[in-house]
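Enquirer: Going by my numbering, the first residue of the sequence shown is number 97, and it counts up by one from there.
Even glycine gets a Cβ: it sits at the ideal position worked out from N, Cα and C.
All values derive from a computational prediction rather than experimental measurement.
Here you go, one structure.
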Amino acid sequence: MDNRRNDQRIKWLILLIPTLTIGLWEYVRHAFLLPYLSMDLGNLLAPFIVLAVTLTLVRGLFSRLEQSQQALQNEKSTNAALEEREQLARELHDGISQSLFLLAVKLDQLDEIQTNEPVKQLGAGLRETVRVMHEDVRQAIASLRLPPSPAAAAWVVPLKELLSETAAITEAQAEFIWNIPDATLTDKEKVELHACLREALFNVRKHAKASRVFVIGEPDDTGGFRCAVEDDGEGFIGDPLFAPGRFGLRMVRDRAHGMGWTFNAERRGDHTVVELLKLGGKST
Numbered sequence: 097m098d099n100r101r102n103d104q105r106i107k108w109l110i111l112l113i114p115t116l117t118i119g120l121w122e123y124v125r126h127a128f129l130l131p132y133l134s135m136d137l138g139n140l141l142a143p144f145i146v147l148a149v150t151l152t153l154v155r156g157l158f159s160r161l162e163q164s165q166q167a168l169q170n171e172k173s174t175n176a177a178l179e180e181r182e183q184l185a186r187e188l189h190d191g192i193s194q195s196l197f198l199l200a201v202k203l204d205q206l207d208e209i210q211t212n213e214p215v216k217q218l219g220a221g222l223r224e225t226v227r228v229m230h231e232d233v234r235q236a237i238a239s240l241r242l243p244p245s246p247a248a249a250a251w252v253v254p255l256k257e258l259l260s261e262t263a264a265i266t267e268a269q270a271e272f273i274w275n276i277p278d279a280t281l282t283d284k285e286k287v288e289l290h291a292c293l294r295e296a297l298f299n300v301r302k303h304a305k306a307s308r309v310f311v312i313g314e315p316d317d318t319g320g321f322r323c324a325v326e327d328d329g330e331g332f333i334g335d336p337l338f339a340p341g342r343f344g345l346r347m348v349r350d351r352a353h354g355m356g357w358t359f360n361a362e363r364r365g366d367h368t369v370v371e372l373l374k375l376g377g378k379s380t
């Protein structure tokens, strides 16, 4: 409300200042300067005086009005983002989270009535998968309910927080290295990068047993970028895209290919690397 009142005052000043300037000039000219200035010269000077006032006072008011409007637009965008995040968090909680809980209950019931050992082992594996998925959903809900940072690269903040959580859970050292200018990424690229890097971090948390974890985002000379999650954990056994329970990496690969990016998941020396590469000039 205060911003709107301030904007109204600025608009009125923009309207009134030129008029008041002309009125004041005419008064001063007729009251004090008439013996020294001819009528024609006074008329000639009037538009230049109004122009000078406009370039000084009114121009500054326009700048303040633009800043106020931009701040108001940013506030609206932030509120809209908060509402969307809260709605998505509710949908996750009321939909997927409760469905997973119900599935876990049914698996417990199956375990109680089933005596066949292979079936019991399969049920135990399914129960563990459901538990991990439920934890992932719970973490997603918690992240969505955190207020976004007002920084330009606010979408990166949850990745930093997830990296810190991963480091705390796995007792690993974490390093976040991000040098990609935010303005060089489209909104779609931000969404896809966030989803891919998030899934890669969850993969480190669940499987790597790492002592060091890195999230890296760096531009290249062609206008593209390299984003990666690296760790010094156990690494992959065989092809990670076909390992049991590694659905997340397949999702990352499919998202990357859908954006026209190159996807790599491999062992390099003593580090496991999940990497996304965009070549400069490729449209998304």
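Mind checking whether Ala304 and Thr266 have CB atoms under 9 Å apart?
Expert: The residue you call residue 304 lines up with position 208 of the sequence shown. The residue you call residue 266 lines up with position 170 of the sequence shown. Yes, the pair counts as a contact, with Cβ atoms nearer than the cut-off.
Enquirer: Quick check: the Cα distance between Leu206 and Gly219, rounded to an integer number of angstroms?
Expert: Stepping through the sequence shown from its first residue, residue 206 is reached at position 110. Stepping through the sequence shown from its first residue, residue 219 is reached at position 123. Roughly 8 Å between the two C-alpha positions.
Enquirer: Between Ala176 and Gln169, what straight-line distance do the alpha-carbon atoms span, to the nearest angstrom?
Expert: Walking along the sequence shown from the start, residue 176 turns up at place 80. Walking along the sequence shown from the start, residue 169 turns up at place 73. C-alpha separation (whole angstroms): 10 Å.
Enquirer: To test your reading of the DSSP string, which unbroken alpha helix (DSSP H) runs of 4 or more residues are found completely within the region 339-379?
Expert: DSSP runs (the alpha helix (DSSP H)) wholly in the region 339-379: 343-354.
Enquirer: Does the Cβ of Val124 have 16 or more other Cβ atoms within 10 Å, making it buried, or fewer, making it exposed?
Expert: Here residue 124 refers to the residue found at position 28 when the sequence shown is read from its first residue. Exposed.
Enquirer: Mapping DSSP to helix, strand and coil, what is Ile276?
Expert: Residue 276 sits at position 180 when you count from the first residue of the sequence shown. Correct three-state label for Ile276: coil.
Enquirer: Using alpha carbons as the reference points, say which of Val252, Arg322 and Asn275 lies closest to Arg392.
Expert: Since the first residue of the chain shown is 97 and the last is 380, residue 392 is not available in this structure.
Enquirer: Taking the alpha-carbon positions, what's the Gly344 to Asn299 distance?
Expert: The residue you call residue 344 lines up with position 248 of the sequence shown. The residue you call residue 299 lines up with position 203 of the sequence shown. C-alpha separation (whole angstroms): 7 Å.
Enquirer: Three Cβ pairs or more, each shorter than 8 Å: is that satisfied between the region 358-371 and the region 316-332?
Expert: yes
Enquirer: So what's Gln163 in DSSP terms, helix, strand or just coil?
Expert: As a first step, residue 163 is located in the sequence shown; it is residue number 67 there, counting from the start. Three-state result, Gln163: helix.
Enquirer: Hey, out of Pro315, Gln194, Ala324 and Pro114, whose CA is closest to Val309's CA?
Expert: As a working mapping, residue 309 is identified with position 213 in the sequence shown. It is Ala324.
Enquirer: Ordered along the chain, which non-local residues of its own chain (more than five positions away) have a Cβ less than 7 Å from that of Leu222?
Expert: Here residue 222 refers to the residue found at position 126 when the sequence shown is read from its first residue. Cβ within range, chain order: Leu203.
Enquirer: Please state the DSSP three-state secondary structure of Gln169.
Expert: Numbered from its first residue, the sequence shown carries residue 169 at position 73. If DSSP states are grouped into helix, strand and coil, Gln169 belongs with the helices.
Enquirer: Roughly how many angstroms separate the alpha carbons of Ala279 and Glu213, rounded to a whole number?
Expert: Residue numbering aside, residue 279 sits at position 183 when the sequence shown is read from its first letter. Residue numbering aside, residue 213 sits at position 117 when the sequence shown is read from its first letter. Cα to Cα, Ala279 sits roughly 56 Å from Glu213.
Enquirer: In whole angstroms, what separates the C-alpha of Glu371 from that of Lys286?
Expert: Taking the sequence shown and counting its residues from 1, the one referred to as residue 371 is at position 275. Taking the sequence shown and counting its residues from 1, the one referred to as residue 286 is at position 190. Distance between the alpha carbons of Glu371 and Lys286 is about 15 Å.
Enquirer: Suppose contacts are defined by Cβ-Cβ distances below 9 Å. Is Ala361 in contact with Arg349 by that definition?
Expert: Counting from 1 along the sequence shown, the entry for residue 361 is found at position 265. Counting from 1 along the sequence shown, the entry for residue 349 is found at position 253. Yes, the pair counts as a contact, with Cβ atoms nearer than the cut-off.
Enquirer: If we ignore side chains and look at the alpha-carbon of each, how far apart do Phe144 and Pro277 end up?
Expert: As a first step, residue 144 is located in the sequence shown; it is residue number 48 there, counting from the start. As a first step, residue 277 is located in the sequence shown; it is residue number 181 there, counting from the start. Taking the straight line from one Cα to the other gives about 44 Å.
Enquirer: Counting only the same chain and skipping the five closest in sequence on each side, list residues whose C-beta sits under 6 Å from that of Ile192.
Expert: Residue mapping note: residue 192 aligns to position 96 of the sequence shown, counting from 1. Correct list, in chain order: Val233.
Enquirer: Whole angstroms are fine: how far does the CA of Leu133 sit from the CA of Thr115?
Expert: Position 19 of the sequence shown, counted from the start, is the residue given in the question as residue 115. Position 37 of the sequence shown, counted from the start, is the residue given in the question as residue 133. Separation of Thr115 and Leu133 (C-alpha to C-alpha, rounded to the nearest whole angstrom) is 21 Å.
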